[in-house]
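Structure first, then comments.
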Amino acid sequence: MVFPERLREGDTVGLAAPAFPVKEEERDGCVKLLEGMGYRVKLGTCLENMYNFHNYLAGDACVRAEDINRMFADSQVKAVFCVRGGYGSSQIMKYLDFDLVKENPKIFVGYSDITNLHSVFQMFGNLVTFHGPMVCSNMLKDFDDYTRSGLFAALNMEEELEFRNPPGEEGFKTIRGGTAAGILAGGNISVLARACGTFYQLDTRDKILFLEDVEEGIASLDMYITQMEYAGMFEHAAGILLGDFTDCTHDRYDGTYQIEEFLHDRFGTFDLPVMYHIRSGHDKPMGTLPFGTICRMDGDYKRIQFYRKPR
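Okay, structure coming up:
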C-alpha cells in the first residue's frame, strides 16, 4: 500500500462531491474554510456548476467520477477532500480509473457513503486513504480540536501512530480479547453490506475490519451483519474494531435493548479479537483512521496502533 505525500500549507486541495449535493452557500463556506487554513482549492465540476439531481445526487455518475479522475490526474492537486456523503458513490465506481490512482497517489478523505471509494481505492488503487471528517459535514459545522488534530496526525503520520479517544472520554472496550495485526479496512456497515456479492465487495482477508453506522435500527444492523457474515467477510478477518453507532436504537421494538448489548450479543461469539467504542464515525468529535496502513489491535491492553510498513 502507498502512503500519500503529506499536505503542506499552500498546497492545492481538490473539493469533490461523489454522492449527495450541497447548497451553494455551503460550498462557498467550504472553500473559504480551506483557504483560511492556508490551502488553494480546486472545485470539481459538480460543485463548480452546482449540479443537483432531485437533492440527492451531486450530478450524473459519469461526471462525479470524472471529477475524481481529474483530481488524481492533476499534478497541482495534493489531496482530495469530500464535502459530504449521503448516497451515490456506488454509482461512480465503474467509471473510476484505478491505474490513474496508482500512478498518482494522493490524500483522499471522507467517510459514510464514501466507504465505497475507500474500499475500491484500497483493493484496486493500492492507496492508503483516510476515514476522516468531511468538509461540509464536519469541518464547516464543528471542527473541534480533537477532530482537527486527529486528521492531521493521520495525514502526516511518521512510521507509527497510536489512536486514542478524546481526552476525558471513556477508552476502548473489549468484546473479545487478544491481539491481531493486519491492513485496516472497512467503514459504514450498511454501505459494506450492500456491496456484498458484487465485484466491489471489500476483501477482508487477514485485515482489521472497522465498522460504524448511524440512524440504523438494531434489527437492520443485525440484517446487514448477517449478510456480511454469509458473504464470508468475517471468516478470514484478523480482528474487528467497532466505531460510533450514532442514534442506532431498538425503539421500534424494544427500547430497553441498547446498542452496546447488541454488539456484545452479535460479535461475542466470533473467534477473533473484537474491540468497540472507537471514536470514529458519525458522532462528534471524530477520530481519523488511516485505511490501508498496518493496524495492531490489543484487546487485552486496549491499544490501537497504526504503522506505515509491516513490522
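Counting with the UniProt record's numbering, you get residues 1 to 311 for the letters of the sequence shown. In this text, a Cβ means the ideal position worked out from N, Cα and C, and glycines have one as well. Note that the structure is predicted; figures quoted are calculated from it, not measured.
Extract the residue ranges of the beta strand (DSSP E) inside the UniProt domain "LD-carboxypeptidase C-terminal" (182 to 296), only unbroken runs of 3 or more that lie entirely within it. 208 to 214, 239 to 246, 274 to 276 and 289 to 291
Please classify residue 54 as buried or exposed, where buried requires at least 16 other C-beta atoms within 10 Å of its C-beta. By the beta-carbon neighbour count (other beta carbons within 10 angstroms, threshold 16), residue 54 is exposed.
Sheet register partners of residue 81 (DSSP bridge): 15 and 109
Kindly indicate which residue of 273, 50 and 86 has the alpha-carbon position closest to the one of residue 188. The option with the nearest alpha carbon to residue 188 is 86.
Simplified DSSP assignment, three categories, for residue 2: strand
How many angstroms separate the CA atom of residue 4 from the CA atom of residue 185? 17 angstroms
Hey, is the stretch 94 to 107 in contact with the stretch 67 to 80, meaning 3+ C-beta pairs nearer than 8 angstroms? yes
Sub-8 angstroms separation of residue 113 and residue 137 beta-carbons: no
Any contact between the stretch 235 to 250 and the stretch 205 to 217? By contact I mean 3 or more CB pairs, one from each, below 8 angstroms. yes
Simplified DSSP assignment, three categories, for residue 144: coil
Bridge partner(s) assigned by DSSP for residue 39: Note: residue 39 is not bridge-paired with any residue in the DSSP secondary-structure output.
Helix, strand or coil: which one does DSSP assign to residue 130? strand
Which residues in the same chain as residue 65 place their Cβ atom closer than 7 angstroms to its Cβ, once the five residues preceding and following it in sequence are excluded? 92, 95 and 96
Suppose the cutoff is 6 angstroms on Cβ atoms and the five residues either side in sequence are ignored; what does the same chain contact list for residue 204 look like? 233 and 237
Sequence-distant residues of the same chain with beta carbon closer than 6 angstroms to residue 306, five excluded per side: 161, 290, 293 and 295
Taking the C-alpha atoms as reference points, what is the distance between residue 79 and residue 298? 32 angstroms
If you draw a straight line from the alpha carbon of residue 81 to that of residue 13, how long is it in whole angstroms? 7 angstroms
Identify, in the order they occur along the chain, each residue of the same chain with its Cβ nearer than 6 angstroms to the Cβ of residue 59, setting aside the five sequence neighbours on each side. 46 and 51
Straight-line gap, residue 32 to residue 264 (C-alpha atoms, nearest Å): 44 angstroms
Using the C-alpha atoms, what's the distance from residue 10 back to residue 239? 39 angstroms
Cα-Cα separation, residue 197 to residue 190: 14 angstroms
Would you list the residues sitting across from residue 180 in a DSSP beta bridge? 297
Based on the DSSP secondary-structure assignment, which residues constitute the bridge partners of residue 162? 305
Quick check on DSSP: helix, strand or coil for residue 23? coil
Just how far apart, CA to CA, sit residue 311 and residue 163? In this structure, the alpha-carbon of residue 311 lies about 17 angstroms from that of residue 163.
Once you ignore the five residues that flank residue 22 on each side, which residues in its own chain have a CB closer than 7 angstroms to its CB? 83, 84 and 136
Quick one: using the 10 Å Cβ neighbour count with 16 as the cut-off for buried, is residue 219 buried or exposed? exposed
With DSSP run on the structure shown, which of helix, strand or coil describes residue 172? coil
Outcome for residue 122 when other beta-carbon atoms lying within 10 angstroms are tallied against a minimum of 16: buried
Should residue 199 go down as buried or exposed, given a rule of 16 or more other Cβ atoms within 10 Å for buried? exposed
Under the three-state reduction of DSSP, which class applies to residue 7: helix, strand or coil? coil
Classify residue 129: buried if its beta carbon has 16 or more other beta carbons within 10 angstroms, exposed otherwise. buried
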